[in-house]
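Engineer: The structure's right below; bear with me while I get my questions together.
Chains as they are written, first to last, in this note's numbering: chain B, -13 to 70; chain L, -13 to 70; chain V, -13 to 70; chain Y, 327 to 419; chain D, 327 to 419; chain X, 327 to 419.
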């Protein structure tokens, strides 16, 4: 592949554009996951500034389950590992 | 119009920029409408994977009313058919 | 500073990019503040189209407190006046 | 996009039309990725509420499948209605 | 935007200043379209709850008008307070 | 980013790699500013509910500090788990 002829200007734009969209997608996935798991796992009275053991294990499981939902929806939409 | 002199580089940027903003606006309108009508019309226990008759007619009316609200707000802001 | 040598093309891109991000940040801060204070201060039955005195003073205080929270969080993250 | 703008576009040379269609493609890709993320967030929020295990149980998985299917059908229906209204807005009526 | 950045901008040639002001214009257009979409979503969510007919009834329409007017007045007030705070932040206090 | 795309990137000349890494930096800056805005919004919404005075009282300030610290710790933990899952997805397993 590295030996093939260099991409044209338009192809380059498309490669950059796709890489940018892909990164935006991952950032948004991470942000939504972070917000959602915070709402589900962290008590919002903020009686202390540390995460307690229950919160920490809830967060780990929440991330794991969110990831599975992401993959499951990706399969339903016709690909194997999420949208890309 | 097609016979007028070609736009300058800056004018081109502005045409492209406006077209892009206009498209982003329509996409965002569609997404907000879709999310809002899903919340208003679809029962969120997901007992089946089909939309039933009641949900379908609710969706149609919801889209129609959302469209009217969009136009009404556009009129209040001083134009006739939404912001553009 | 104005007498220093002109920035290179790459430096220019970075200056423009940073200015753009900074503006996007301020716009988003303003929008979130506006939405949040509307939810906190304005009664959502809309019995009249004017803001009453109670709502107006609530809005002023809400903006002031939101600003303080913004600065407080900025300090916690290690700078003095918000993220920039 | 209103007509005067499209008229301007017609007067652009071929390379600009290519650029415009690339822009439209890119916006559509971004849009569908955002919709995907929103769907995942909504179905997760509505279907997953217990965190005693790190894998989805059968009930949660069924709920997510139905949620995603319903959302897609909903989204297609909204798309059709939205297109009808967009066309209607352009005619005198 | 902090001052050192503005100093850098001053040293840019004329064409870059034009580019910068075009960028600012574009961001403001995008911003006002987003605000518009948020306003529509909020007033729809707060005012429309029944879907037995496909047109707004009188009560819903009145509610939407008031909501939009209130939101605009609110938004202008927030804008003034926000500007005051932004200026205050630049002075020693 | 899948591998075929990365292969394409390898074949790009040096200036394009610089451009790519500038793009990544810019997205990360935008991302952290957005996260910051979301954190402020959430801690304000959860901690501030009375508007009889225009300054935060002691209790609100304590609440905001704890909220922000918790959110940052949470965010770091999620980041680690997320990275593990991303790596795991690339291995057979």
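Ideal Cβ positions, reconstructed from N, Cα and C, are used throughout, including at glycine.
1. Does residue 350/D pass the burial test, meaning 16 or more other C-beta atoms within 10 Å, or should it be called exposed?
2. How would you call residue 19/B, buried or exposed, if buried means at least 16 neighbouring beta carbons within 10 angstroms?
3. What is the DSSP secondary structure of residue 37/B, counted as helix, strand or coil?
4. Taking C-beta to C-beta, are residue -3/V and residue 356/X nearer than 9 Å?
5. Are the C-beta atoms of residue 51/L and some chain Y residue less than 9 Å apart?
6. Beta-carbon separation of residue 392/D and residue 32/V under 9 Å?
7. Along chain L, which residues have their Cβ under 8 Å away from the Cβ of residue 380/D?
8. Ordered along the chain, which non-local residues of its own chain (more than five positions away) have a Cβ less than 6 Å from that of residue 66/B?
9. Could you name the residues of chain L that residue 341/Y contacts, counting a contact when the two beta carbons are closer than 8 Å?
10. How close, in whole Å, do the beta carbons of residue 413/Y and residue 7/B come, if the pair is a contact with beta carbons under 8 Å?
11. Under 7 Å Cβ-Cβ, which residues of chain D neighbour residue 18/L?
12. For residue -6/V, does the three-state DSSP call read helix, strand or coil?
13. For a cutoff of 9 Å on Cβ pairs, would you count residue 408/X as touching chain B?
14. Does the CB of residue 350/X have a neighbour CB from chain V at under 9 Å?
15. Alpha carbon to alpha carbon, how far is residue 47/L from residue 24/L?
16. Suppose contacts are defined by Cβ-Cβ distances below 9 Å. Is residue 364/D in contact with residue 21/V by that definition?
17. For a contact defined as C-beta to C-beta under 9 Å, what are the partners of residue 358/D on chain V?
18. Could you name the residues of chain D that residue 10/L contacts, counting a contact when the two beta carbons are closer than 9 Å?
19. Could you tell me the boundaries of the alpha helix (DSSP H) in which residue 357/D lies?
20. Whole angstroms is fine: what's the gap from residue 386/D's alpha carbon to residue 369/D's?
21. Just confirm the distance between the C-beta atoms of residue 59/L and residue 394/D, as a whole number of angstroms; I'd bet it's less than 8 Å.
22. If you run the structure through DSSP and keep just helix, strand and coil, what is residue 64/L?
23. Keeping to the same chain, check which residues put their C-beta closer than 8 Å to that of residue 382/D; ignore five residues upstream and five downstream.
24. Exposed or buried, residue 56/B, counting other C-beta atoms within 10 Å across all chains shown (16 or more means buried)?
25. State the Cα-Cα distance for the pair residue 53/B and residue 339/D, rounded to the nearest angstrom.
26. Would residue 366/D and residue 37/L qualify as a contact pair, given that the criterion is a beta-carbon distance under 9 Å?
27. Using the C-alpha atoms, what's the distance from residue 13/L back to residue -5/B?
28. Run down chain D in chain order and give the residues with a C-beta less than 8 Å from the C-beta of residue -1/L.
29. Residue 3/V touches chain X at which residues, Cβ-Cβ below 7 Å?
30. Closer than 9 Å, CB to CB, is residue 404/X near chain V or not?
31. Spatial neighbours of residue -7/L within its chain, please: CB distance less than 8 Å, with the 5 preceding and 5 following residues excluded, ordered by chain position.
32. Assuming the contact rule is C-beta atoms closer than 8 Å, residue 377/D and residue 44/L should be a hit. Round their C-beta distance to whole Å, please.
33. Quick check: what's the CA-CA separation for residue 401/D versus residue 345/D?
34. Hey, does residue 400/Y have any beta-carbon neighbour from chain B nearer than 9 Å?
Structural biologist: So, from the listed chains and residues:
1. Within the fifth chain, the letter at position 24 stands for residue 350/D. Answer is exposed; the Cβ neighbour count stays below 16.
2. To locate residue 19/B, count along the first chain from 1; it is residue 33. Under this definition residue 19/B is a buried residue.
3. Start at 1 with the first residue of the first chain, and residue 37/B comes out as number 51. Coil.
4. Counting from one through the third chain, the residue named residue -3/V turns up at place 11. Counting from one through the sixth chain, the residue named residue 356/X turns up at place 30. Their beta carbons are not under 9 Å apart, which means residue -3/V does not touch residue 356/X by this criterion.
5. By 1-based counting over the second chain, the position of residue 51/L is 65. No, residue 51/L lies away from the interface with chain Y (no Cβ there is under 9 Å from its Cβ).
6. As a working note, residue 392/D is residue 66 in the fifth chain. As a working note, residue 32/V is residue 46 in the third chain. Yes, these two residues count as a Cβ contact at 9 Å.
7. Within the fifth chain, the letter at position 54 stands for residue 380/D. Annotation: Cβ neighbours of residue 380/D in chain L (cutoff 8 Å, chain order): 46, 47, 50, 51.
8. Here the question's residue 66/B lines up with position 80 in the first chain. Because residue 66/B sits at a pLDDT of 45, beneath the cut-off of 50, its placement in the model cannot be relied upon, and the point is left open.
9. Taking the first residue of the fourth chain as position 1, residue 341/Y is located at position 15. Per Cβ cutoff of 8 Å: no residues; residue 341/Y is ~11 Å from chain L at best.
10. Residue 413/Y sits at position 87 when you count from the first residue of the fourth chain. Residue 7/B sits at position 21 when you count from the first residue of the first chain. With 8 Å as the limit, residue 413/Y and residue 7/B do not qualify as a contact, their Cβ atoms being about 29 Å apart.
11. To locate residue 18/L, count along the second chain from 1; it is residue 32. Taking a Cβ-Cβ cut-off of 7 Å, the neighbours of residue 18/L in chain D comprise 363, 367, given in sequence order.
12. Position 8 of the third chain holds residue -6/V. It is coil, neither helix nor strand.
13. As a first step, residue 408/X is located in the sixth chain; it is residue number 82 there, counting from the start. It does; some Cβ of chain B falls within 9 Å.
14. Taking the first residue of the sixth chain as 1, we reach residue 350/X at position 24. No, because no Cβ of chain V sits closer than 9 Å to the Cβ of residue 350/X.
15. For the purposes of this step, residue 47/L is identified with residue 61 of the second chain, where counting begins at 1. For the purposes of this step, residue 24/L is identified with residue 38 of the second chain, where counting begins at 1. Residue 47/L and residue 24/L have their C-alpha atoms roughly 12 Å apart.
16. Counting from one through the fifth chain, the residue named residue 364/D turns up at place 38. Counting from one through the third chain, the residue named residue 21/V turns up at place 35. Their beta carbons are under 9 Å apart, which means residue 364/D touches residue 21/V by this criterion.
17. Counted from its first residue, the fifth chain places residue 358/D at position 32. Neighbours of residue 358/D on chain V: none; closest Cβ ~10 Å, over 9 Å.
18. Sequence index remark: in the second chain, residue 10/L carries index 24 (1-based). Ordered by position in chain D, the residues that pass the 9 Å Cβ test against residue 10/L are 356, 359, 360.
19. To locate residue 357/D, count along the fifth chain from 1; it is residue 31. Here the alpha helix (DSSP H) through residue 357/D covers 340 to 373.
20. The sequence position of residue 386/D within the fifth chain is 60, counting from 1. The sequence position of residue 369/D within the fifth chain is 43, counting from 1. Straight-line spacing of the CA atoms in residue 386/D and residue 369/D works out to 10 Å.
21. Mapped onto the second chain, residue 59/L falls at position 73. Mapped onto the fifth chain, residue 394/D falls at position 68. Contact holds; Cβ gap of about 5 Å.
22. By one-based count along the second chain, residue 64/L stands at place 78. Residue state, collapsed to three classes: coil.
23. What you label residue 382/D is simply residue 56 of the fifth chain in a count that begins at 1. Only 374, 390 meet the Cβ criterion.
24. By one-based count along the first chain, residue 56/B stands at place 70. Residue 56/B comes out buried.
25. Indexing the first chain from 1 puts residue 53/B at position 67. Indexing the fifth chain from 1 puts residue 339/D at position 13. Their backbone Cα atoms lie some 49 Å apart in a straight line.
26. Stepping through the fifth chain from its first residue, residue 366/D is reached at position 40. Stepping through the second chain from its first residue, residue 37/L is reached at position 51. No.
27. What you label residue -5/B is simply residue 9 of the first chain in a count that begins at 1. What you label residue 13/L is simply residue 27 of the second chain in a count that begins at 1. Residue -5/B and residue 13/L: Cα-Cα distance of roughly 28 Å.
28. The sequence position of residue -1/L within the second chain is 13, counting from 1. The contacting residues are 348.
29. By 1-based counting over the third chain, the position of residue 3/V is 17. Correct list: 352.
30. Translated into the one-based positions of the sixth chain, residue 404/X becomes position 78. Under the 9 Å criterion on CB atoms, residue 404/X is classed as non-interfacial with respect to chain V.
31. By 1-based counting over the second chain, the position of residue -7/L is 7. 1, listed in sequence order.
32. Taking the fifth chain and counting its residues from 1, the one referred to as residue 377/D is at position 51. Taking the second chain and counting its residues from 1, the one referred to as residue 44/L is at position 58. About 4 Å separates the two Cβ atoms, so the contact holds.
33. The residue you call residue 401/D lines up with position 75 of the fifth chain. The residue you call residue 345/D lines up with position 19 of the fifth chain. Roughly 29 Å separates the two Cα atoms.
34. Sequence index remark: in the fourth chain, residue 400/Y carries index 74 (1-based). No - not a single Cβ of chain B is within 9 Å of the one on residue 400/Y.
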